[in-house]
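Colleague: Sequences listed follow chains A and B, in order. This note's numbering numbers the first residue of the first sequence as 2 and each following residue consecutively. This note's numbering numbers the first residue of the second sequence as 222 and each following residue consecutively. In this text, a Cβ means the ideal position worked out from N, Cα and C, and glycines have one as well. Note that this is a predicted model, so its numbers are computed, not measured.
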Amino acid sequence: MIIQVQNLTKKFDDFVAVNSISFNVEQGRIFAFLGPNGAGKTTTIKMLTTLLKPTSGKIILNGYDPIKDADGARHSFGIVFQDPSLDDELTAYENMEFHGVLYGLPKKIRRERIEQLLNIVELLDRKKELVRNFSGGMKRRLEIARGLLHHPKILFLDEPTLGLDPQTRNHIWSHIKDLNQKEGVTVFFTTHYMEEADRVAGQIAIIDQGKIIIQGTSAELKAKTNKSSLEDAFIELTGHAIRHEEVSSADRMRMHRRMWRR
Amino acid sequence: MNTIYILWLRQLKRYLRSRARIVGSIGQPLLFLVALGFGLGPVFQKAGQGNYLEFLSPGVIAMGILFTAIFSGIEIIWDRQFGFLKETLVAPVSRLEIMIGRTLGGATVALLQGLIVFLITIPLGFHPKLSTLPIALMFMILIALFFTALGTAIASPLKDLQGFQLIMNFVIMPTFFLSGALFPIDGLPQVLKIPLMINPLAYGIDGMRGALVGQAHFGMGFDFLILGIVTVVILGIGSYLFSKIQI
């Protein structure tokens, strides 16, 4: 098991964002982590990727504990965040180079891999352009290439195809599946596109209000709910009510400040 | 080491690419030199204090450094908003290395800005002593380091740009106006003297003035001691606050 999570909990003041969840991901799997807005997906990913300290619970990532051995864990994964995280003022190549240096790749390997990955995501001919001039899809592709630069064992993708057209989405997924098959990279991703999860995920977990409500393959989830599509199964399991966007700690601070001013 | 270098290089590249920022940050010092230097010059002379431009120039050079350094430190808030901060924080490098790289980068940029202002002062009539120029440079470097680290320390706990105006009005402006950049320290009333004595920039400017014009109020050795100590302290505080950042 390359990812092991036991009774993981995160509280912000009195708000429980993630409530004692447990799951395992086998090496080489594509794992879909689904849930409505505000269910705790991003908070979970932040804890898995050392950005947030859990309130309680245990995580083992590629044999490392991200709380005690952050560096070991950080070498093991690559991540594509939900929001962009590129430096707009640098070129595509410089963004890659920056990442390669931070992950300690020797110069020769770094140069080779950057060329190779930019070629895969079809940005090689624009490597010297400032990222500021890139479209949303191009930025996304660059972020995915960057996340793969240090050959991570696990790739975290937080809504990697959000806001992209179907062509780009297909493209990105075929690269990811390729990597999964050829290099054995374990993929942990979130998405709101159920047909995407249905198509690529070998294993699915659905989280709602901070708790994992079901785990299994797409076929198992459909069978359990007696539905023909994963989307219907998802709605059956999580209800029809529209959810609010997950409130980040920054937003919460802002709300507090506003209340306090009045 | 590589980590520090690449972070330093990033700051430098960003600076050199934003010409608007370079040109924009020259405007203010230039205005001070022309309007105050020439405008108050005759009064200063009449009061028997000598050439005002000679007196003012070190202060305005320091102002160029002060503004750029604090902005460089505060850039963390931009990096946080545009997401790039996450990229550095999930990398397998220590927060201390990131902090050192950023601070050196920001301080280098601020020093460059100071040197540009320095070059402008000369055609306007500033005659610096060249023999002690290296000492002046050392003070410029310390000012750059101190205020970059201060910017980092202030920006680390901030989540967005809302507090920016506050920093501008309550940190940068008082630091500049209460530093002795514009007026001599001798014979000041206590209301001005006390804030000036606790202002690190006052010692930086005094040291620069000692090296460039030969008029140090506190003495260059004392200036160096004070500024050196507070720089080490603020680097420590900045590193600590930066290490506590959570996304």
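Grab the span of the alpha helix (DSSP H) containing Thr289 of chain B for me, first residue to last.
Modeller: Position 68 of the second sequence, counting from 1, holds the residue named residue 289 of chain B. Its alpha helix (DSSP H) spans residues 273-302.
Colleague: Any heavy atom of the ligand GTP closer than 8 Å to the Cβ of Thr45 of chain A?
Modeller: In terms of ligand content, the structure shown is empty, and the ligand GTP therefore cannot be addressed.
Colleague: Please decide whether Leu150 of chain A counts as near chain B, where near means a Cβ-Cβ distance under 9 Å.
Modeller: Position 149 of the first sequence, counted from the first residue, corresponds to residue 150 of chain A. It does not: the Cβ of Leu150 of chain A has no partner Cβ on chain B nearer than 9 Å.
Colleague: Between the alpha carbons of Leu462 of chain B and Met320 of chain B, how many angstroms are there, rounded?
Modeller: As a working note, residue 462 of chain B is residue 241 in the second sequence. As a working note, residue 320 of chain B is residue 99 in the second sequence. The straight-line gap from Cα to Cα measures roughly 10 Å.
Colleague: Taking 9 Å as the cut-off, decide whether the C-beta atoms of Phe190 of chain A and Glu160 of chain A are in contact.
Modeller: Counting from 1 along the first sequence, the entry for residue 190 of chain A is found at position 189. Counting from 1 along the first sequence, the entry for residue 160 of chain A is found at position 159. Going by C-beta atoms, Phe190 of chain A is nearer than 9 Å to Glu160 of chain A.
Colleague: Alpha carbons only, please: which of A:Gly73, A:Phe157, A:Arg244, A:Ile215 is nearest the one belonging to Asn181 of chain A?
Modeller: If you number the first sequence from 1, residue 181 of chain A lands on position 180. Checked all of A:Gly73, A:Phe157, A:Arg244, A:Ile215; the closest Cα to Asn181 of chain A is A:Phe157.
Colleague: Would you identify the three-state DSSP class for Leu351 of chain B, choosing helix, strand or coil?
Modeller: As a working note, residue 351 of chain B is residue 130 in the second sequence. Leu351 of chain B: coil per DSSP, three-state reduction.
Colleague: Within the 9 Å Cβ cut-off, does Asp89 of chain A reach chain B?
Modeller: Taking the first sequence and counting its residues from 1, one reaches residue 89 of chain A at position 88. Yes, its Cβ sits closer than 9 Å to a Cβ of chain B.
Colleague: Residues of the region 23-48 of chain A with a CB closer than 9 Å to any CB of chain B: list them in chain order, please.
Modeller: Lys47
Colleague: Do you know how far the Cα of Val122 of chain A is from the Cα of Phe288 of chain B?
Modeller: Counting from one through the second sequence, the residue named residue 288 of chain B turns up at place 67. Counting from one through the first sequence, the residue named residue 122 of chain A turns up at place 121. When rounded, the distance between both Cα atoms is 41 Å.
Colleague: Counting only beta-carbon separations shorter than 9 Å, does Ser86 of chain A have a partner in chain B?
Modeller: Taking the first residue of the first sequence as position 1, residue 86 of chain A is located at position 85. Chain B places a beta carbon closer than 9 Å to that of Ser86 of chain A, counting this residue as a contact.
Colleague: What does Leu233 of chain B reach in chain A if we use C-beta pairs closer than 7 Å?
Modeller: Indexing the second sequence from 1 puts residue 233 of chain B at position 12. Those within 7 Å of Leu233 of chain B in chain A number zero; the least Cβ separation is about 11 Å.
Colleague: Anything in chain A within Cβ reach of Thr309 of chain B, meaning under 8 Å, just list it in chain order.
Modeller: As a first step, residue 309 of chain B is located in the second sequence; it is residue number 88 there, counting from the start. Those are Leu103, listed as they occur along chain A.
Colleague: Expressed to the nearest angstrom, what Euclidean distance is found between the alpha-carbon atoms of Ile145 of chain A and Ser219 of chain A?
Modeller: As a position in the first sequence, residue 145 of chain A is number 144, starting the count at 1. As a position in the first sequence, residue 219 of chain A is number 218, starting the count at 1. Ile145 of chain A and Ser219 of chain A have their alpha carbons spaced roughly 25 Å apart.
Colleague: So Leu52 of chain A contacts chain B; which residues on that side make the cut at Cβ distance below 8 Å?
Modeller: The residue labelled residue 52 of chain A in the question sits at position 51 within the first sequence. Those are Lys307, Leu310, Val311, Gln467, Ile468, listed as they occur along chain B.
Colleague: What residue range is occupied by the uninterrupted alpha helix (DSSP H) comprising Leu222 of chain A?
Modeller: On the first sequence, position 221 is the one that residue 222 of chain A refers to. Taken as a continuous stretch (DSSP letters only), the alpha helix (DSSP H) holding Leu222 of chain A covers 219-226.
Colleague: Take Thr50 of chain A as the anchor and find which of B:Ala312, B:Ser246, B:Gly280, B:Val244 has the nearest alpha-carbon.
Modeller: Position 49 of the first sequence holds residue 50 of chain A. Comparing Cα-Cα distances from Thr50 of chain A to each of B:Ala312, B:Ser246, B:Gly280, B:Val244, the minimum goes to B:Ala312.
Colleague: Consider the Cβ of Arg238 of chain B: report whether some Cβ of chain A lies at a distance smaller than 9 Å.
Modeller: As a first step, residue 238 of chain B must be located in the second sequence, where it is residue number 17. Yes, Arg238 of chain B lies at the interface with chain A (some Cβ there is under 9 Å from its Cβ).
Colleague: Could you tell me which chain B residues have their CB closer than 7 Å to the CB of Arg75 of chain A, listed as they occur along the chain?
Modeller: The sequence position of residue 75 of chain A within the first sequence is 74, counting from 1. Per Cβ cutoff of 7 Å: Val311, Ala312, Pro313.
Colleague: Between Thr162 of chain A and Thr192 of chain A, which are expected to be in contact by the criterion C-beta below 8 Å, what is the C-beta distance as a whole number of angstroms?
Modeller: The residue labelled residue 162 of chain A in the question sits at position 161 within the first sequence. The residue labelled residue 192 of chain A in the question sits at position 191 within the first sequence. 7 Å between Cβ atoms; contact.
Colleague: Looking at the C-beta of Ile208 of chain A, does it have a partner C-beta in chain B at a distance below 9 Å?
Modeller: Residue mapping note: residue 208 of chain A aligns to position 207 of the first sequence, counting from 1. Not one chain B Cβ lies under 9 Å of Ile208 of chain A.
Colleague: Counting only beta-carbon atoms, is Ala146 of chain A nearer than 9 Å to chain B?
Modeller: The sequence position of residue 146 of chain A within the first sequence is 145, counting from 1. Not flagged as an interface residue toward chain B: Ala146 of chain A, since no C-beta distance is shorter than 9 Å.
Colleague: For chain B, check one thing: does any of its Cβ atoms lie closer than 9 Å to the Cβ of Ala71 of chain A?
Modeller: Position 70 of the first sequence, counted from the first residue, corresponds to residue 71 of chain A. Using a CB distance cut-off of 9 Å, Ala71 of chain A counts as an interface residue toward chain B.
Colleague: Mark Arg259 of chain A as exposed unless 16 or more other C-beta atoms lie within 10 angstroms of its C-beta, in which case mark it buried.
Modeller: Within the first sequence, residue 259 of chain A is the residue found at index 258, counting from 1. Low confidence applies here, because Arg259 of chain A scores a pLDDT of 46, under 50, leaving its location unreliable; read the following figure in that light. With fewer than 16 Cβ atoms within 10 Å of its Cβ, Arg259 of chain A is classed as exposed.
Colleague: Going along the chain, which residues of its own chain have a beta-carbon closer than 7 Å to the beta-carbon of Ala376 of chain B, five neighbours each way excluded?
Modeller: Taking the second sequence and counting its residues from 1, the one referred to as residue 376 of chain B is at position 155. So the qualifying residues of the chain are Gly294, Ile295, Ile297, Ile298.
Colleague: Using 10 angstroms around the beta-carbon of Tyr226 of chain B, count the other beta-carbons present and answer buried if the total reaches 16, otherwise exposed.
Modeller: For the purposes of this step, residue 226 of chain B is taken as the residue at position 5 of the second sequence. Counting Cβ neighbours within 10 Å, Tyr226 of chain B comes out exposed, since fewer than 16 surround it.
Colleague: Only counting runs of 3 or more residues, tell me where the beta strand (DSSP E) segments fall wholly within the region 157-232 of chain A, in order along the chain.
Modeller: Under the rule that a run must span 3 or more residues, the beta strand (DSSP E) segments found entirely inside the region 157-232 of chain A read 187-191, 204-209, 212-217.
Colleague: Quick check: Ala365 of chain B and Thr329 of chain B, are their CB atoms within less than 9 Å of each other?
Modeller: In the second sequence, residue 365 of chain B corresponds to position 144, counting from 1. In the second sequence, residue 329 of chain B corresponds to position 108, counting from 1. Yes, Cβ-Cβ distance for Ala365 of chain B and Thr329 of chain B is below 9 Å.
Colleague: If contact is defined by three or more beta carbon pairs under 8 Å, each pair taking one atom from either stretch, is the region 164-175 of chain A in contact with the region 41-60 of chain A?
Modeller: no
Colleague: Quick check: what's the CA-CA separation for Met195 of chain A versus Asp89 of chain A?
Modeller: One-based indexing of the first sequence puts residue 195 of chain A at position 194. One-based indexing of the first sequence puts residue 89 of chain A at position 88. Cα-Cα distance, rounded: 31 Å.
Colleague: Please work out which residues of its chain come closer than 6 Å, Cβ to Cβ, to Phe360 of chain B, disregarding the five sequence neighbours upstream and downstream, and give them in chain order.
Modeller: Here residue 360 of chain B refers to the residue found at position 139 when the second sequence is read from its first residue. Only Gly425, Gly428, Met429 meet the Cβ criterion.
Colleague: Distance check for Leu103 of chain A and Lys47 of chain A, CA to CA, integer angstroms please.
Modeller: Residue 47 of chain A sits at position 46 when you count from the first residue of the first sequence. Residue 103 of chain A sits at position 102 when you count from the first residue of the first sequence. So the alpha carbons of these two residues sit roughly 19 Å apart.
Colleague: In the DSSP assignment, the alpha helix (DSSP H) including Thr309 of chain B goes from what residue to what residue?
Modeller: Residue 309 of chain B sits at position 88 when you count from the first residue of the second sequence. Taken as a continuous stretch (DSSP letters only), the alpha helix (DSSP H) holding Thr309 of chain B covers 305-310.
Colleague: Which one or two residues does DSSP pair with Lys12 of chain A in a beta bridge?
Modeller: Your numbering for residue 12 of chain A matches position 11 in the first sequence. DSSP lists A:Val17 as partners of Lys12 of chain A.
Colleague: Using 9 Å as the threshold, is the C-beta distance between Pro355 of chain B and Ser278 of chain B below it?
Modeller: If you number the second sequence from 1, residue 355 of chain B lands on position 134. If you number the second sequence from 1, residue 278 of chain B lands on position 57. Going by C-beta atoms, Pro355 of chain B is not nearer than 9 Å to Ser278 of chain B.
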